[in-house]
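Quick mapping for you: the protein sequence lines, in order, are chains A and B.
Mapping of the first sequence onto the numbering used here: position 85 corresponds to residue 85, and the numbering continues sequentially without gaps.
Mapping of the second sequence onto the numbering used here: position 78 corresponds to residue 172, and the numbering continues sequentially without gaps.
What follows is one structure encoded as structure tokens, with my remarks underneath.
Protein chains: 2
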Amino acid sequence: MGLLGRKYVMEIVCIVGVHGTVRFGEIESHLPGASTSTLSTRLEELVDAGLVERERYAEIPPRVEYELSADGEELATRLEPVVEWVAEREEMST
Amino acid sequence: MGLLGRKYVMEIVCIVGVHGTVRFGEIESHLPGASTSTLSTRLEELVDAGLVERERYAEIPPRVEYELSADGEELATRLEPVVEWVAEREEMST
DNA sequence: CGGTATCCAAAGTGATACTG
DNA sequence: CAGTATCACTTTGGATACCG
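Printed below as a string of structure tokens:
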């Protein structure tokens, strides 16, 4: 899946995975570099790919929550060691 | 590292990891989608990041071999489950 | 063979406006 | 709040050709 190579995808999967269920704004706050529109697009792609599920609540104010699907969880599990190592390695060089 | 999110990076790491030492052309043949220039750029970035090492031989015809550094090996190990799972999942849907 | 140089298309960004 | 839409702009990536 070329989707994995797209910007922010791994990060999003991890963020959602860690939180369990997350709202749009929260994901956004963890990705300062990503624009609203890009994040929106990525999330849609992830939902289409069956890795993330979106739950929309008809409330005021509106609330939308994202969480990983079973496949998403599986991916997150496998992704964890990678992201962890990368994070550690980044600290070293700073 | 945002580098991981760049196109082909994970694939390249895996390809180099599997082969041990690889020549430019061989990597290219495993990535039909990537253009020469992109591959060249990616390899340079990977070398700069200390994940891949380049060995240039002053022969005719010229030969250049790439192989993973210790860090690259570590990354490849952690990346393996991810790539494996993604590959299986792709097969399912085809 | 293994690239770099060049030029062009596509993806992503930022800001802002608008909707349910 | 959680987006979608738009537009101008920057960054990436692709195609091709040429060089050592």
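Cβ atoms here follow ideal geometry from the backbone N, Cα and C, with glycine treated the same way.
Item, Value
"For the beta strand (DSSP E) holding A/E65, just list the boundary residues, first then last.", "R63 to L68"
"Based on Cα-Cα distance, which residue from A/M1, A/R23 and A/R6 lies nearest to A/P62?", "A/R23"
"Is B/M186 buried or exposed, if buried means 16 or more other CB atoms sit within 10 Å of its CB?", "exposed"
"Look up B/R150 in the DSSP assignment and give the residues it is bridged to.", "B/V158"
"For A/I27 and A/L46, which I take to be in contact (beta-carbon distance under 8 Å), what is that distance rounded to the nearest angstrom?", "11 Å between Cβ atoms; not a contact."
"If you draw a straight line from the C-alpha of A/V52 to the C-alpha of A/L68, how long is it?", "4 Å"
"Using a Cβ-Cβ cut-off of 9 Å, state whether A/L39 counts as contacting chain B.", "no"
"Between B/D142 and chain A, is the shortest Cβ-Cβ distance under 9 Å, so that the two count as touching?", "no"
"Quick one: which chain A residues come within Cβ less than 7 Å of B/Y160?", "Near B/Y160 there are no residues of chain A at all, since even the closest Cβ is about 19 Å away, more than 7 Å."
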